[in-house]
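Engineer: Dropping a structure here in C-alpha cells format, bear with me for questions.
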Amino acid sequence: MKFLEIKESQEALQAKKVKLQQLEQQRDAMESALSSAREATKLIKYEDTTTQIFVKLSGIAEQVGIEEKELDYYANQVREASNNLESKVYDMEEVFSEKLRDLNNAYDDLEYEIDYPEDY
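Counting in my numbering, the sequence shown runs without a single skipped number right up to 1147 at its last residue.
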C-alpha cells in the first residue's frame, strides 16, 4: 500500500511538472503577444489624419475669408476625441496584460505546490 501511494505521488508530481512546463510556454507566448500588441497600439501615436484634415480645412477657410479661430471650437472637439481614441486603443493592451498576469499567478502557484508539497 505504501509503495502505491509513493508511486501515485511521484506520478502526480511529474504531471505537475509537465503542467508547469506548459504554463511556462503559454506565459512566453503571452509575453510575446503583449509585446506585439504594444507595437500595434503604438501606431495610434503616429496617426495624423485629423491633423491633415484640420490643415486642409484651415486652408479652405483661409481661401474664402473664414478666420481660423472660427474652426477652433470644432478642432478642439476633434483633438479631444482623438486623444480619447488614443487612450482607448492603449487600453486594449489590458486584455493581454491580464492574461499574462493570470498565467504568472498560475505558474507561481503550481511552482510553490511542487516545491512545498507539505503545504498541500
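Cβ coordinates follow ideal geometry from the N, Cα and C atoms, glycine included.
Is the number of C-beta pairs between the stretch 1075-1088 and the stretch 1048-1058 that are closer than 8 Å three or more?
Structural biologist: With fewer than three CB-CB distances shorter than 8 Å, the stretch 1075-1088 does not count as touching the stretch 1048-1058.
Engineer: Measuring alpha carbon to alpha carbon, tell me which residue in E1145, E1140, Y1134, V1116 is nearest I1071.
Structural biologist: For the purposes of this step, residue 1071 is taken as residue 44 along the sequence shown, with counting starting at 1. When C-alpha distances from I1071 are compared across E1145, E1140, Y1134, V1116, the shortest belongs to V1116.
Engineer: Hey, would you say L1050 sits closer than 8 Å to I1141, going by beta carbons?
Structural biologist: Here residue 1050 corresponds to residue number 23 of the sequence shown, with the count starting at 1. Here residue 1141 corresponds to residue number 114 of the sequence shown, with the count starting at 1. One thing to note: L1050 has its Cβ no nearer than 8 Å to the Cβ of I1141.
Engineer: Are there 16 or more other CB atoms within 10 angstroms of the CB of L1130, so buried, or fewer, so exposed?
Structural biologist: Translated into the one-based positions of the sequence shown, residue 1130 becomes position 103. Answer is buried; the Cβ neighbour count reaches 16.
Engineer: I think S1124 touches L1061, with their Cβ atoms under 8 Å apart; what is that distance to the nearest whole Å?
Structural biologist: One-based indexing of the sequence shown puts residue 1124 at position 97. One-based indexing of the sequence shown puts residue 1061 at position 34. With a Cβ gap of about 6 Å, S1124 and L1061 count as contacting.
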